[in-house]
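Below you'll find the structure, written out as structure tokens, and then a few comments.
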Amino acid sequence: MMRLHNHPELTQPARLADWVAARLDEGLNVFDHADIYGAGQCEKLFGDALRAHPTLTKRVRVITKAGIVPAVQDSTPWQVKHYRAEADYLGNAIDKALGSLSVERIDTFLIHRPDPLLQAAEVARVLEDAVSAGKVRQIGVSNFLPEQWRWLARNTRLPLVCNQSQLSLTHTTPLFDGTLEAHLTDGIRWLAWSPLGGGNLAERIPADLLSRAREETGLDETALAIAWLRQIPGTPVPVIGSMNPDRIRCALHGARSQLPRPLWYRLLESARNMAVA
Amino acid sequence: MMRLHNHPELTQPARLADWVAARLDEGLNVFDHADIYGAGQCEKLFGDALRAHPTLTKRVRVITKAGIVPAVQDSTPWQVKHYRAEADYLGNAIDKALGSLSVERIDTFLIHRPDPLLQAAEVARVLEDAVSAGKVRQIGVSNFLPEQWRWLARNTRLPLVCNQSQLSLTHTTPLFDGTLEAHLTDGIRWLAWSPLGGGNLAERIPADLLSRAREETGLDETALAIAWLRQIPGTPVPVIGSMNPDRIRCALHGARSQLPRPLWYRLLESARNMAVA
Amino acid sequence: MMRLHNHPELTQPARLADWVAARLDEGLNVFDHADIYGAGQCEKLFGDALRAHPTLTKRVRVITKAGIVPAVQDSTPWQVKHYRAEADYLGNAIDKALGSLSVERIDTFLIHRPDPLLQAAEVARVLEDAVSAGKVRQIGVSNFLPEQWRWLARNTRLPLVCNQSQLSLTHTTPLFDGTLEAHLTDGIRWLAWSPLGGGNLAERIPADLLSRAREETGLDETALAIAWLRQIPGTPVPVIGSMNPDRIRCALHGARSQLPRPLWYRLLESARNMAVA
């Protein structure tokens, strides 16, 4: 929901509640947030919608993240964008998110970025406390490399259930450097951000290939990108940035489709502009 | 045997059988194949030779690989080079290789490339079945990175005995980025492809150094490259691409030679065009 | 003590002994050596000082390293800089260092560089023997990557207590590629060489930021660099190259100071010339 604040038509709680209800009816029940999206507005707007239609609350599952402080929110003289995966700070961020989102429990709480200053034992304690207190159901990370999540995992009895990081037809390096397999080995679900390639797909893949693929599969560009992603072992979960119902339906259609293996590779090689070795 | 089909003098089964017998007499008994070498011709020519001289069959050990589909063999409209480390496909590839090669058992079967779509549990089952059925003695991989083979290894009770990947005086990065040590830690034997540097050795190492090294050691360029390789911990096994008996004898001579450590480094640093740090 | 031989004022044993005593009084008791520093002169000068003031011997802890052979010390015709982490060679290097340094025991002995020819089992035996014989208290490595130290660690019952490698405001890559976390996971203390950035800090960080930081914290450039380093999880130990007592006192002051987290990031981002993601 990182772009929620850019949709004036959804700022009225009742309208957003309708939007959420429509997604739930379509089978989408996980909503991805972070404290910094819209400078905090995204969580609050979502919470307002749940307060407007409280029956939605039990039907939604919410992911949220904390640990990045934008420069404008740094009240010190340094005014610097920085990471803050500090135990106390994260504990407070969880409480604040529960209030903003108006949920009883965050389904999955993620550390937003790997902070070189992260004190793993202390952070693990505060996350375990949040789980014990029922504030958070499960924990994960975002944009972590394998060695980074392994160090955190070593410090907690809780499983790290997911890593939200970039993966799409326009960002395929992790499929070739062992990152994919590290997720699988550790049982960490990949939540793929920018799964549609940030709108750059059409720049990377020639129009005639996209149209041939559409003829063959019936899938448009959005559905192709999502079908392509879902075929990867471990079944990465796309984190859809768009709020557009049509686009979301296309993505959902893609998620339920299967590409022939040669087409999967054809799209990959076209996007990378090179054949496999 | 990836260049076997380029040797018209060896296409007659009896001639190739003589060639194989000569290698066996010299102490070389492992022959490296893949389904795609010569578009399948290499395995078949080798099998024809064994059928011509069946007594050779018990003396040879055969490596073969599958999992790459060249564009010309892709019968879909996409005609794309792609990887296909799929359980059923690999199971069939093993059966097909047994027929082509005319052996009762493949000594070592390798997955040719790390396929991002590889479903490790299913692939592991099909490889285990092939071993249980006596079709394959042992399994390994090719061109895998550590995280990639570790994920596959996690899924099977069978050891992955080797990784066939590039290593030579002209490809030394794996000696400095931890890849070598990952092989050693996991007990994975390195089968080095392109061990002579694809014929580029003389471009990378000045002629006067090669001639000084020859004076000092009595080894020619081929023997030097192989001696250099064999000195690496774990004793990498060179996969000789050449079919030339003289060159193979030089390589064999190199494999039984020892370079003084300073010369080992002198060759390395000359090929890298930089001293060690 | 890699620059000790460049300080003529300290070549007299009594003068150097005074220098050492002053450091001990300030709370610094670990002195970092290597067989190659000053072509062997650094260890010898230090040993002369201890012989001049034997009471210092019990108060100092000495790190030393071996395994690099400079080209000028290669007596073969190849005259090449090379690594030599060979069991016998390292065993002899330990004996030689004990003599040069005039200590009964080396506190921590390090393999200076990851040698691709390192035979881990043999090297582990010789290091274990040195520890059993009381010649060395503990062992570690230098400039090793995680896979490299893990392979050595697998071969010995002794813990590898540290890895001496580069880390500073001007060399921050290891904070972002998982290297930091690999040290933490394996319990390997980071000894940071070139902790002041080799004097390049002022080129990388604008003067006005350094002066604002000084106003805010009271720390000069040296103290800032060390405070910054010590704040990293695992508390890396700076290996100070300077022999200048004033500079060392500044470093010591920095090591006991704490930077506000935003300033830590402000320095990082300025040195990298980019904000965090």
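Residue numbers (our numbering), protein chains in the order written: chain A, -19 to 257; chain B, -19 to 257; chain C, -19 to 257. All residues carry an ideal CB built from backbone N, CA and C; glycine is no exception. Note that the structure is a prediction, hence the values are computed from the model and not measured.
Spanning the alpha carbons of A251/B and W(-1)/C requires a straight line of approximately 45 Å. Approximately 20 Å separates the beta-carbon atoms of G20/C and D95/C; this is outside 8 Å, ruling out the contact. Across the stretch 60 to 79 of chain B, no CB contact with chain C closer than 7 Å is found for any residue. Here the stretch 219 to 236 of chain B makes no contact with the stretch 183 to 190 of chain B; the two share fewer than three CB pairs at distances below 8 Å. The contact set of Q99/B on chain A, defined by CB atoms closer than 9 Å, consists of P213 in chain order.
Membership of L81/A in the alpha helix (DSSP H) is indicated by the continuous run 67 to 81.
Taking the beta carbon of W208/A as reference, no residue of chain B falls within 7 Å; the closest one sits roughly 11 Å away. Taking 8 Å as the threshold, the shortest C-beta distance from R85/A to chain B does not fall below it. The beta-bridge partner set that DSSP reports for Q118/C consists of T88/C.
Here P139/C is exposed, its C-beta having fewer than 16 other C-beta atoms within 10 Å. In the DSSP assignment, V141/A falls within the unbroken beta strand (DSSP E) covering 140 to 146. Note that the C-beta distance between I91/A and S122/A is below 8 Å. Under the 10 Å beta carbon count, E66/A is surrounded by 16 or more other beta carbons and is classified as buried.
Shown here, F26/B sits in a helix according to DSSP, grouped into three states. Within the DSSP bridge table, the entry for R41/C names V10/C as partners.
In this chain, the beta strand (DSSP E) harbouring R169/A covers 169 to 173. Taking a Cβ-Cβ threshold of 7 Å, the residues of chain C close to R246/B are W58, V60, in chain order. Taking a Cβ-Cβ threshold of 9 Å, the residues of chain A close to L125/B are F156, D157, G158, E161, in chain order.
Scanning its chain for C-beta atoms nearer than 8 Å, with the 5 sequence neighbours on each side dropped, one finds around N143/C the residues G120, V121, S122, N123, F124, W129, H163, I168, R169, W170, L171, in chain order. Comparing C-alpha distances from T159/C to each of T(-9)/C, I212/C, L243/C shows the shortest one belongs to I212/C.
At least one C-beta of chain B is nearer than 8 Å to the C-beta of D54/C. Excluding residues up to 5 positions away in sequence, A(-3) lie with their Cβ nearer than 6 Å to the Cβ of H33/B in the same chain. Taking C-beta separations shorter than 8 Å and ignoring five residues to either side along the sequence, the partners of L36/B in its chain run A(-3), V0, A1, L4, A29, L30, following chain order. Residue burial annotation: G71/A is buried, with at least 16 other C-beta atoms found within 10 angstroms of its C-beta.
The beta carbons of V52/B and F11/B sit about 25 Å from each other, so the pair does not count as a contact at 8 Å.
Listed along the chain, the chain B residues whose CB falls inside 9 Å of the CB of R93/C are V256, A257. Sequence-ordered contacts of the stretch 183 to 201 of chain B with chain C read R192, E196 [C-beta pairs closer than 8 Å].
In its chain, beyond the 5 residues on either side, L149, I185, L189, A193, L204, W208, L239 have a beta carbon closer than 8 Å to the beta carbon of L247/C. Taking a beta-carbon distance threshold of 8 Å, R134/A does not count as an interface residue toward chain B. Per DSSP, the beta bridge partners of V217/B are L171/B.
For chain B, the residues of the stretch 232 to 244 of chain A that bring a beta carbon within less than 9 Å of one of its beta carbons are P240, R241, P242, L243, W244, in chain order. I48/B carries a strand assignment under DSSP once its states are collapsed to helix, strand and coil.
In this structure, DSSP gives H33/C a state outside helix and strand, which the three-state scheme calls coil. For G234/A, the enclosing alpha helix (DSSP H) begins and ends at 225 to 235. The beta-carbon distance between L132/B and A110/B, rounded to whole angstroms, is 15 Å. This is too long to meet the 8 Å contact definition. A distance below 8 Å separates the beta carbons of H13/B and E23/B.
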